[in-house]
Amino acid sequence: MGDVARDTDRSCRRMSDLKDRLKRLIAAGGPISVSEYMAACLFDPEAGYYTTREPFGTQGDFTTAPEISQMYGELLAVWALAAWREMDRPVPFVLGEIGPGRGTLMADVLRTLNRLDPPFVILGRIAMIEASPRLADIQRDRLAAGKGKPTWFDRVDDLPKLPLILLGNEIFDALPFRQFVKTAHGWRERMVTLGDDGEFCFAAGMAGIEPSLLPPAADTVPAGTIFEVAPARDALMSTVAAHIAKHGGAALFADYGHIERAFGDTFQALRAHAPCDVFEHPGEADLTSHVDFAALATIARGHGLDVQTVTQGEFLVGMGLLERAGALGANADQGARDRLQADVDRLAGPDGMGNLFKIMVVTRAGMKLPPFARAD
Ligand code: SAH
708 MGDVARDTDR
718 SCRRMSDLKD
728 RLKRLIAAGG
738 PISVSEYMAA
748 CLFDPEAGYY
758 TTREPFGTQG
768 DFTTAPEISQ
778 MYGELLAVWA
788 LAAWREMDRP
798 VPFVLGEIGP
808 GRGTLMADVL
818 RTLNRLDPPF
828 VILGRIAMIE
838 ASPRLADIQR
848 DRLAAGKGKP
858 TWFDRVDDLP
868 KLPLILLGNE
878 IFDALPFRQF
888 VKTAHGWRER
898 MVTLGDDGEF
908 CFAAGMAGIE
918 PSLLPPAADT
928 VPAGTIFEVA
938 PARDALMSTV
948 AAHIAKHGGA
958 ALFADYGHIE
968 RAFGDTFQAL
978 RAHAPCDVFE
988 HPGEADLTSH
998 VDFAALATIA
1008 RGHGLDVQTV
1018 TQGEFLVGMG
1028 LLERAGALGA
1038 NADQGARDRL
1048 QADVDRLAGP
1058 DGMGNLFKIM
1068 VVTRAGMKLP
1078 PFARAD
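In structure tokens, the structure reads:
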């Protein structure tokens, strides 16, 4: 009890420290971009959300697809195996995951692959790319007893120059993004500054945006309209695409967002499974925005790769989610079958993650992968 109280004290101190530090930074140096604010809140070494907190699960702030059900990792394992076979089983090769959280997805993927095709796990170099040393330690513990001996990397750039099969679940939304707001003087970067009350607020800054980045309706949308761009996300996609173009491979990314470019303010904070104000709990709430899959697809295609983006519901059902749930439920009691049904609804149903979440698959040109095409 005493320890819990002390920990809470310490975490409150860190949070208010970060809030105070950011306020002092703005007071001294002027407004900061949404991107700088987000990067500090998520990755400040002392008080950042991912560096200090346990975000996942019922005790945390949000639940992700691999944490909902083992079926998610099982179906992604089937996809990864199809990719390896479609590439004619190159050896050596890398099976990587970027932003692995608690390591649950990779644990499920390796367990499944070890059953489906043991050489995959024996011959593959397992790579975990994680920015948070604290989460990397959790992943090490999670994977210590399983098949495959992963290696940890800070960046995609550091991966061995080999054919790559890469998975990423909710990684892009965790990377900082910038906002632009339409004003009477054109589009201006939306900044975080301090109001008369000394609290954070938004203000239009000086920087404009390169007009070719804006969707076609930019001239006609009303003042106050927001447009978001994410150079950090674009850079990650560019690095992955360049690797695949040069060394071969396929990547699968799952995230929430839109397939078409769109206007709108999607900056959001989540704490204890409920939305909260983006300024209220710096370092103590998850900050995200919707991923612009159209922008990422343009970058991958620019590297000569094939890109397909579908809803998570379409992808999982196409990969056999219903059949897998049926198989798991076949000899189970009614309670377990009800839970499986609830997991299916949550992962793939329209009221769950099925429509809002998208799966983007990026491959070297000409690869045929399920569920879009059956490998021959
Ligand atoms: N994939 C997990 C966790 C998603 S949360 C799941 O679905 O449950 C985002 C994860 O990405 C965290 O592990 C976070 O530390 C990591 N991350 C954020 N930015 C990163 C970066 N630039 N490189 C690698 N990992 C990053």
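Each residue of the sequence shown is one higher than the one before, counting from 708 in my numbering. Even glycine gets a Cβ: it sits at the ideal position worked out from N, Cα and C.
Fully enclosed by the segment 823 to 855, which alpha helix (DSSP H) runs are 4 residues long or longer?
Here the runs fully enclosed are 825 to 830 and 840 to 850.
Taking the Cβ atom as the reference point for each residue, do I1006 and A948 lie within a distance shorter than 8 Å?
For the purposes of this step, residue 1006 is taken as the residue at position 299 of the sequence shown. For the purposes of this step, residue 948 is taken as the residue at position 241 of the sequence shown. Yes.
Measuring CB to CB, does V816 end up less than 8 Å from G767?
Sequence index remark: in the sequence shown, residue 816 carries index 109 (1-based). Sequence index remark: in the sequence shown, residue 767 carries index 60 (1-based). Annotated as distal: V816 and G767, with beta-carbon spacing of 8 Å or more.
Does the separation of the CB atoms of R841 and T758 fall below 8 Å?
Taking the first residue of the sequence shown as position 1, residue 841 is located at position 134. Taking the first residue of the sequence shown as position 1, residue 758 is located at position 51. Yes, the pair counts as a contact, with Cβ atoms nearer than the cut-off.
Return yes when at least one heavy atom of the ligand FMN lies under 7 Å from the C-beta of F884, else no.
Here the bound small molecules are the ligand SAH; the ligand FMN is not part of this structure.
Do the CB positions of I916 and F884 come within less than 8 Å of each other?
Position 209 of the sequence shown, counting from 1, holds the residue named residue 916. Position 177 of the sequence shown, counting from 1, holds the residue named residue 884. Going by C-beta atoms, I916 is not nearer than 8 Å to F884.
Could you tell me if M835 is buried or exposed, where buried requires 16 or more neighbouring beta carbons within 10 angstroms of its beta carbon?
Walking along the sequence shown from the start, residue 835 turns up at place 128. So M835 counts as buried.
Beta-ladder partner(s) of V1014, from DSSP
Locating residue 1014 in the sequence shown gives position 307, counting from the first residue. In the DSSP assignment, the residues bridged to V1014 are V1069.
Relative to the alpha-carbon of F1022, which residue among N1062, L882 and R832 has its alpha-carbon at the smallest distance?
Taking the sequence shown and counting its residues from 1, the one referred to as residue 1022 is at position 315. Taking only the C-alpha atoms, the option nearest F1022 is N1062.
Boundaries of the alpha helix (DSSP H) in which P773 is found, first to last residue
As a first step, residue 773 must be located in the sequence shown, where it is residue number 66. It spans A772 to I775 - the alpha helix (DSSP H) in which P773 sits, taken as one unbroken run.
What's the gap between the Cα of L874 and the Cα of E896?
Counting from 1 along the sequence shown, the entry for residue 874 is found at position 167. Counting from 1 along the sequence shown, the entry for residue 896 is found at position 189. So the alpha carbons of these two residues sit roughly 32 Å apart.
For the ligand SAH, is there a heavy atom less than 7 Å away from the beta-carbon of Y744?
On the sequence shown, position 37 is the one that residue 744 refers to. Outside the cutoff, so no.
Let me check understanding here. Comparing Cα to Cα, which of F934, M944 and F750 lies closest to V1014?
Along the sequence shown, read from residue 1 onward, the residue named residue 1014 stands at position 307. With distances taken between CA atoms, V1014 lies nearest to M944 out of F934, M944 and F750.
Buried/exposed call for V798, threshold 16 Cβ in 10 Å:
By one-based count along the sequence shown, residue 798 stands at place 91. Flag for V798 reads exposed.
L725 by DSSP, collapsed to three states: which one?
Numbered from 1 along the sequence shown, position 18 holds the residue referred to as residue 725. For L725, the three-state secondary structure derived from DSSP is helix.
So is the beta-carbon of E774 under 7 Å away from any non-hydrogen atom of the ligand SAH?
Along the sequence shown, read from residue 1 onward, the residue named residue 774 stands at position 67. Result yes, Cβ under 7 Å from the ligand SAH.
DSSP-derived helix/strand/coil call for G803:
The residue you call residue 803 lines up with position 96 of the sequence shown. In the three-state reduction of the DSSP assignment, G803 falls in the strand class, which pools E and B.
Note down the Cα distance separating A1032 from F860, rounded to an integer number of angstroms.
Sequence index remark: in the sequence shown, residue 1032 carries index 325 (1-based). Sequence index remark: in the sequence shown, residue 860 carries index 153 (1-based). About 34 Å.
Simplified DSSP assignment, three categories, for N1062
Counted from its first residue, the sequence shown places residue 1062 at position 355. Coil, per DSSP.
S740 bridges to which residues according to DSSP?
Residue numbering aside, residue 740 sits at position 33 when the sequence shown is read from its first letter. The secondary-structure analysis by DSSP pairs S740 across a beta bridge with M898.
DSSP state of L769 mapped onto helix, strand, coil:
To locate residue 769, count along the sequence shown from 1; it is residue 62. For the record, residue 769 in the displayed sequence is Phe; it is not Leu. Strand, per DSSP.
Take every Cβ of the segment 861 to 872, pair it with every Cβ of the segment 1054 to 1069, and state whether three or more of those distances are shorter than 8 Å.
Counting Cβ pairs under 8 Å, fewer than three are found: no touch.
Are the CB atoms of G1027 and F1000 nearer to each other than 8 Å?
Mapped onto the sequence shown, residue 1027 falls at position 320. Mapped onto the sequence shown, residue 1000 falls at position 293. Using a Cβ distance threshold of 8 Å, G1027 and F1000 do not count as a contacting pair.
Exposed or buried, what is D993 when buried is set at 16 or more other beta-carbons lying within 10 Å of its beta-carbon?
If you number the sequence shown from 1, residue 993 lands on position 286. Burial is judged here by how many other beta carbons sit within 10 angstroms of a residue's own beta carbon; D993 has at least 16 and is buried.
Could you check what DSSP says for K889 in three-state terms: helix, strand or coil?
Position 182 of the sequence shown holds residue 889. The answer is strand: DSSP assigns K889 an E or B state.
Local conformation of A930 per DSSP, three classes:
In the sequence shown, the residue the question calls residue 930 occupies position 223. In this structure, A930 counts as coil in the three-state DSSP scheme.
CB contact flag (P1077, G1020, <8 Å):
Reading the sequence shown from its first residue, position 370 is the one you call residue 1077. Reading the sequence shown from its first residue, position 313 is the one you call residue 1020. Not in contact: P1077 and G1020 (Cβ atoms no closer than 8 Å).
Option nearest D865 by Cα separation, candidates E793, G905 and H950:
Residue 865 sits at position 158 when you count from the first residue of the sequence shown. Closest by alpha carbon: H950.
For I746, collect the residues of the same chain with a Cβ closer than 7 Å to its Cβ; drop the 5 residues on either side in sequence, then sort them by chain order.
Residue mapping note: residue 746 aligns to position 39 of the sequence shown, counting from 1. It is Ala, not Ile, that sits at residue 746 in the sequence shown. Closer than 7 Å at the Cβ level, and outside the excluded window around A746, lie P883.
Which of helix, strand or coil does DSSP assign to N1095?
Because the chain spans 708 through 1083 in this model, residue 1095 falls outside it and cannot be assessed.
Measuring only from the beta carbon, is T771 closer than 7 Å to any heavy atom that is part of the ligand SAH?
Translated into the one-based positions of the sequence shown, residue 771 becomes position 64. Yes; taking the cut-off as 7 Å, the Cβ of T771 has a heavy atom of the ligand SAH nearer than that.
A910 lies in the alpha helix (DSSP H); which residues open and close that run?
Within the sequence shown, the letter at position 203 stands for residue 910. Looking at the DSSP string, A910 is not in any alpha helix (DSSP H); the run it does join, the beta strand (DSSP E), is F907 to A911.
Out of curiosity, what's the CA-to-CA distance linking E753 and N821?
Along the sequence shown, read from residue 1 onward, the residue named residue 753 stands at position 46. Along the sequence shown, read from residue 1 onward, the residue named residue 821 stands at position 114. E753 and N821: Cα-Cα distance of roughly 39 Å.
Taking the alpha carbon of G736 as the point to measure from, which residue in G956, A924, L901 and V828 has its own alpha carbon closest?
Translated into positions along the sequence shown, residue 736 becomes position 29. Nearest neighbour of G736 by Cα position, chosen from G956, A924, L901 and V828, turns out to be L901.
Cutting at 6 Å between CB atoms, please list the residues of its own chain near G1073, excluding the five before and the five after it.
Numbered from 1 along the sequence shown, position 366 holds the residue referred to as residue 1073. Setting aside the 5 residues that flank it on each side, G1073 has no residue in the same chain whose C-beta is closer than 6 Å to its C-beta.
What is the DSSP secondary structure of G956, reduced to helix, strand or coil?
Position 249 of the sequence shown holds residue 956. Strand at G956.
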